[in-house]
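Mapping the sequence shown onto the UniProt record's numbering, position 226 (from 1) lands on 226, and the numbers just tick up by one.
Each residue gets a CB set at the ideal place from its N, CA and C atoms; glycine is no exception.
Notes for the one structure printed next.
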Amino acid sequence: MQTRTLGRSGLTVSALGLGCMGMSDFYGQQNDAESIRTLHRAVELGLTFFDTADMYGPFKNEELLAQAFKGKRQDVLIATKFGIVRDPNDPTKRGINGRPEYVKSACEASLKRLGTDHIDLYYQHRVDASTPIEETVGAMSRLVEAGKVRYLGLSEAAPATLRRAVATHPIAALQTEYSLWSREPEDEILPTCRELGIGFVPYSPLGRGFLTGQIKQFDDLEADDYRRFSPRFQGENFQKNLDLVARITDLARQKRCTAGQLALAWVLAQGGDVVPIPGTKRVAYLEENLGALEISLSQDELAQLDDIAPQGVAAGLRYPAAMMGTVNG
């Protein structure tokens with residue numbers, strides 16, 4: 001398995017991680033048995049970097065990883081997140097909390113659910129505008145001092161926030177959406193990460209599955225699938241984005257790979273400090289995704305993809321308008 005190191009942190013992980021969210025939430029029905037088979041297969045194939053969060057489920061995803069990794073903890077690096085607060089009785093309700101006392105209690109709860117004595121990479125899931133980032137990261141740093149967390153990360157944080165954060169404690173990784181249809185981090189976020197020595201962890205590098213070409217019509221999404229409420233999957237946007245995927249698929253055929261593998265290979269080609277975490281809950285798709293590590297792209301092919309998918313090419317916002325205010329904070 002190829003490996004990459006996140007920025008200047010010294011944290012070395014498999015070059016491709018596994019996003020575990022969809023195993024427990026948001027993308028239709030769950031199948032714990034198949035998810036556990038997928039997690040076990042990932043370990044067999046040498047993947048070490050697994051991404052979860054307390055709000056996935058809520059709480060169920062961390063418990064699923066604890067079940068899957070029992071007896072395998074030494075073989076995996078677990079990243080989890082805190083800060084998006086959901087009500088188990090009504091998961092549609094949510095808030096953001098970065099207060100120091102909450103940081104500590106959230107970590108203790110995650111450790112218990114994960115069945116471990118430490119978290120390898122602990123992210124603030126969303127920046128809490130009501131709490132200075134110095135206070136949140138300060139509380140996170142005390143978890144490192146206590147041996148409960150090894151490295152710190154932020155998710156969807158703006159460049160100015162990153163600068164303030166690293167002045168408080170080293171930040172190993174920033175997690176932000178990045179793919180052929182979400183290229184905004186190239187403007188300021190990626191350059192800032194590189195300046196500050198922060199690794200970059202793209203989530204949704206397959207455009208929430210859309211860039212694989214497997215979603216061909218709106219009704220392919222299950223009734224309880226979150227993507228039904230995503231602007232990029234609705235109305236005219238859906239067809240416009242299908243046209244984009246058709247062009248990516250044509251190039252993939254020339255490369256004798258799948259559209260998803262080509263999309264992942266493009267993300268991987270953006271730098272050795274970039275570690276994408278495509279999500280899946282099926283063994284077949286896991287194995288397909290890992291095939292992207294064997295694909296090299298020439299300068300001409302990268303130029304073709306730039307032409308096919310320049311920044312801003314996707315039709316629609318990446319989140320519903322009400323949620324966009326919580327990103328890049």
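Residues near residue i in its chain [Cβ-Cβ closer than 8 Å; skip 5 each side]
i, result
"SER141", "LEU152, THR168, HIS169"
"ILE248", "LEU180, LEU211, GLY213, ALA259, LEU262, ALA263, LEU305, ILE308, ALA309"
"LEU302", "TRP266, ALA269"
Where residue i falls: helix, strand or coil (DSSP)
i, result
"GLU186", "helix"
"GLU177", "strand"
"THR192", "helix"
"TYR102", "helix"
"GLN124", "strand"
"VAL275", "coil"
"VAL85", "strand"
"VAL76", "coil"
"residue 378", "Here the chain has residues from 1 to 329 only, and residue 378 is not among them."
"PRO205", "coil"
"PHE200", "strand"
"ASP224", "coil"
"LYS216", "coil"
"ASP51", "strand"
"PRO310", "coil"
"THR116", "coil"
"LEU317", "coil"
"ASP243", "helix"
"LYS93", "strand"
"LEU16", "coil"
"ARG150", "strand"
"TYR27", "strand"
"SER35", "helix"
Contact under 8 Å by Cβ, residue i with residue j
i, j, result
"ASP51", "GLY10", "no"
"THR136", "GLU156", "no"
"GLY22", "LYS255", "no"
"ALA158", "GLY199", "no"
"GLU186", "GLN311", "yes"
"ARG37", "VAL283", "yes"
"ASP120", "ILE78", "yes"
For residue j and residue i, believed in contact at Cβ under 8 Å, the rounded distance
i, j, result
"ILE295", "GLY17", "Actually they do not touch by this definition, with Cβ atoms about 17 Å apart."
"PRO58", "ARG99", "Between ARG99 and PRO58 the Cβ distance is about 18 Å, and since that is not below 8 Å, they are no contact."
"LEU64", "ASP32", "6 Å"
"LEU154", "TYR122", "Actually they do not touch by this definition, with Cβ atoms about 10 Å apart."
"ALA292", "ALA265", "5 Å"
"ASP273", "GLY28", "With 8 Å as the limit, ASP273 and GLY28 do not qualify as a contact, their Cβ atoms being about 33 Å apart."
Chain-order list of residues whose beta-carbon lies under 7 Å from that of residue i (same chain, five-residue window excluded)
i, result
"GLU62", "THR52, ASP54, THR80, SER110, ARG113, LEU114"
"ARG228", "LEU221"
"ASN328", "GLU156, ALA158"
"GLY197", "GLY7, ARG8"
"LEU324", "Correcting the residue type first, residue 324 is Met in the shown sequence and not Leu. So the list reads LEU317, once near-sequence residues are dropped."
Contacts around residue i, its chain only, beta-carbon distance under 6 Å, and the 5 residues preceding and following it disregarded
i, result
"ILE133", "THR161, ARG164, ALA165"
"THR5", "THR12"
"LEU143", "CYS107, VAL149"
"THR326", "ARG126"
"GLN2", "ALA15, LEU293"
"ASP25", "TYR56, GLY57"
Exercise. So does the region 208-224 actually touch the region 186-199, counting three or more Cβ pairs closer than 8 Å?
Worked result: no
Exercise. On the three-pair Cβ rule with 8 Å, is the region 74-81 touching the region 94-103?
Worked result: With the cut-off at 8 Å, the region 74-81 and the region 94-103 do not touch.
Exercise. Are the region 79-94 and the region 37-47 touching by the rule of at least three beta carbon pairs closer than 8 Å?
Worked result: no
Exercise. Three or more beta-carbon pairs under 8 Å between the region 315-323 and the region 227-237, yes or no?
Worked result: Contact holds: three or more Cβ-Cβ distances are below 8 Å.
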